[in-house]
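Beneath this line is the structure, given in structure tokens, with notes to follow.
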Amino acid sequence: MSRTRAGLFAAIIEAGKPGITRMVTITSLVGFVLSAIGRSAGWAELGLLVAGCLVGTALSSLGANTLNEWLERDRDALMPRTAHRPLPQQRISPRIALIAGLVESALGMIVLALAANVWAALVSLACIITYVAIYTPMKLKSPVSVLIGAIPGALPPLIGWAAAGGNSGAPTLLQPGGWSLFTLMFVWQIPHFMAIAWMYRADYSLGGFRVLAAEDPTGVRTARNMIGWAIVLLPATLMPVWAMPGRVGAVYGACALISGVAFLWLTIGFGRLRTRDAARRVFFASIAHLPLLLMILVGEALVRRFIL
30 MSRTRAGLFA
40 AIIEAGKPGI
50 TRMVTITSLV
60 GFVLSAIGRS
70 AGWAELGLLV
80 AGCLVGTALS
90 SLGANTLNEW
100 LERDRDALMP
110 RTAHRPLPQQ
120 RISPRIALIA
130 GLVESALGMI
140 VLALAANVWA
150 ALVSLACIIT
160 YVAIYTPMKL
170 KSPVSVLIGA
180 IPGALPPLIG
190 WAAAGGNSGA
200 PTLLQPGGWS
210 LFTLMFVWQI
220 PHFMAIAWMY
230 RADYSLGGFR
240 VLAAEDPTGV
250 RTARNMIGWA
260 IVLLPATLMP
270 VWAMPGRVGA
280 VYGACALISG
290 VAFLWLTIGF
300 GRLRTRDAAR
310 RVFFASIAHL
320 PLLLMILVGE
330 ALVRRFIL
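Numbering (my numbering), first residue to last: 30 to 337.
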């Protein structure tokens, strides 16, 4: 591969936000594992299903993220936080980015439909539509867009949950376990994003994005919302205990409660100070809180299934 082609390929991957794609794929895997534990299926079947789930989810995420960057390329160029991205720096043309995003999205859904089931593909389609066609333009119109943006961020565990069902994807998708993961992910994203928005509120203003932090100079409303959603997050993190009995229990519940109270305390600290450093503490706590919950959730379920 020539240096030019290698650089173009790297720019296409970078436009797909590989960090976010990695997180999306991991949360899809969490949904798959927790769903598969409740099924009686052979290892060969599960291996094919999980491979299709991971590849399809990753491609869909790369595609959706690329389309998002394609739509926001002019505004990204105005913000120091995003000016380094491939499109603002002209390391990739808008035409190539659009084609790459559409192809990746389509391939992802095809892989999910063929390797898992059509229901997993439909959840992926819902992710793409809500993220690209609804959330992205809504960011310019209302701070309420954060609630819409939390939907595609919360759907990946349902992709994995449905994929693990194989041919019975529809009944599997209706089970409460997958929706408890959706709820957890949905609520977690809101205080997480509010911390980011406060840290980069000047950037969002430059880009013309309507986020609460950019329209709240004192930070009082931002703090009130952040603390409120951190309170809601406490019962949301405990929902899997109710939704997946036999797979999740006291170990996860206790850890979720302790971690959730600690996170809430940091949001209260932001409410008192309303500084960039306080928001940064909430941000880093949020990116520790979620992986910790997911690891304990999967760990306890695996121990209960294969050891106890």
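Every residue, glycine too, gets a C-beta built ideally from N, C-alpha and C.
All values derive from a computational prediction rather than experimental measurement.
Subject >> Residues near Ile163 by beta carbon distance below 8 Å, same chain, minus five either side >> reply: Ile177
Original post:
How is Phe222 classed by DSSP in three states: helix, strand or coil?
Top reply: helix
Subject >> Residue burial classification, Gly71 (beta-carbon count within 10 angstroms, cutoff 16) >> reply: With fewer than 16 other beta carbons inside 10 angstroms of its own, Gly71 counts as exposed.
Original post:
What separation, rounded to the nearest whole angstrom, lies between the Cα atoms of Ala314 and Ile219?
Top reply: 13 Å
Original post:
Whose C-alpha, out of Ile55, Gly76, Leu302, Arg309, is nearest the C-alpha of Met214?
Top reply: Ile55
Subject >> Residue range of the alpha helix (DSSP H) that includes Val270 >> reply: 249-272
Original post:
Apart from the five residues on each side of it in sequence, which residues of its chain come closer than 6 Å, Cβ to Cβ, to Ala224?
Top reply: Ala308, Val311, Phe312
**OP:** Drop a sphere of 10 angstroms on the beta-carbon of Ser134, count the other beta-carbons inside from all chains shown, and report buried for 16 or more, exposed for fewer.
**Re:** buried
**OP:** Please list, in chain order, all residues of the same chain as Leu319 whose beta carbon is under 7 Å from its beta carbon, the five residues on each side excluded.
**Re:** Trp217
Original post:
Nearest to Phe238 by alpha carbon, out of Ala226, Ala183, Ala44, Arg114?
Top reply: Ala226
Original post:
Whose C-beta lies closer than 8 Å to the C-beta of Gly206 among residues of the same chain, with five residues either side of it excluded?
Top reply: Leu63, Ser64, Gly67, Trp190, Pro269, Ala272, Met273, Arg276
Original post:
Expressed to the nearest angstrom, what Euclidean distance is found between the alpha-carbon atoms of Gly106 and Val147?
Top reply: In the sequence on display, residue 106 carries Ala and not Gly. One alpha carbon belongs to Ala106, the other to Val147, and they sit about 38 Å apart.
**OP:** Using a threshold of 9 Å, state whether the C-beta atoms of Ala193 and Leu75 are closer than that.
**Re:** Result yes, Cβ atoms of Ala193 and Leu75 sit closer than 9 Å.
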